[in-house]
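Chemist: Note that our numbering has the sequence shown beginning at 28, numbered continuously upward.
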Amino acid sequence: MKTTRKFKVMGPVAIQFGAATTGNWRLERPQVDFSRCTKCRTCELHCPTNVMEIKKDQEECVVINFDYCKGCGVCTNVCPVQCISLVEERR
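(1) Label G98 either buried or exposed according to how many other C-beta atoms from any shown protein chain fall within 10 Å of its C-beta, with 16 as the threshold for buried.
(2) Spatial neighbours of C106 within its chain, please: C-beta separation below 7 Å, excluding the five flanking residues on both sides.
(3) Taking DSSP's pairing of strands, which residues face S123 in a bridge?
(4) Locate the beta strand (DSSP E) running through V89, then write down its first and last residues.
(5) Please report the residue range of the alpha helix (DSSP H) in which E80 lies.
(6) Could you have a look at C74 and say whether DSSP puts it in helix, strand or coil?
(7) Below 8 Å on the Cβ atoms is my contact criterion, and I expect R63 with V108 to pass it. Report the Cβ-Cβ distance as a whole number of Å.
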């Protein structure tokens, strides 16, 4: 007789916060006013999904990977010059 093992998941199951693409559920996205940005990297260091990168040699200095950005707003709250705001997601 052939036996098939069935596995039950015991306990919580999760993936890393930044590992899954956002899909279409994000309601807001960060928008940067590049003229006010001081390139201090505070937003980059505090982003829980690690999707922000500061390019000090470019005029549009904050690069955001929107495939993985959750729109959580941490970057807007930690920016010392408040050059990042959350805007409604474009569909």
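For glycine and all other residues, C-beta sits at the position ideal for the given N, C-alpha and C. All figures in this text were calculated on a predicted structure; none of them were measured in a lab.
Modeler: Considering the structure as presented:
(1) Counted from its first residue, the sequence shown places residue 98 at position 71. Flag for G98 reads buried.
(2) Within the sequence shown, residue 106 is the residue found at index 79, counting from 1. Cβ within range, chain order: T69 and C70.
(3) There is simply no residue 123 to check, as the chain begins at 28 and stops at 118 in what is shown.
(4) What you label residue 89 is simply residue 62 of the sequence shown in a count that begins at 1. V89 to I91 is the extent of the beta strand (DSSP E) around V89.
(5) To locate residue 80, count along the sequence shown from 1; it is residue 53. Taken as a continuous stretch (DSSP letters only), E80 belongs to no alpha helix (DSSP H), being part of the beta strand (DSSP E) at M79 to I81.
(6) Position 47 of the sequence shown, counted from the first residue, corresponds to residue 74. C74 falls in the coil class under three-state DSSP.
(7) Here residue 63 corresponds to residue number 36 of the sequence shown, with the count starting at 1. Here residue 108 corresponds to residue number 81 of the sequence shown, with the count starting at 1. That pair is a contact at about 5 Å.
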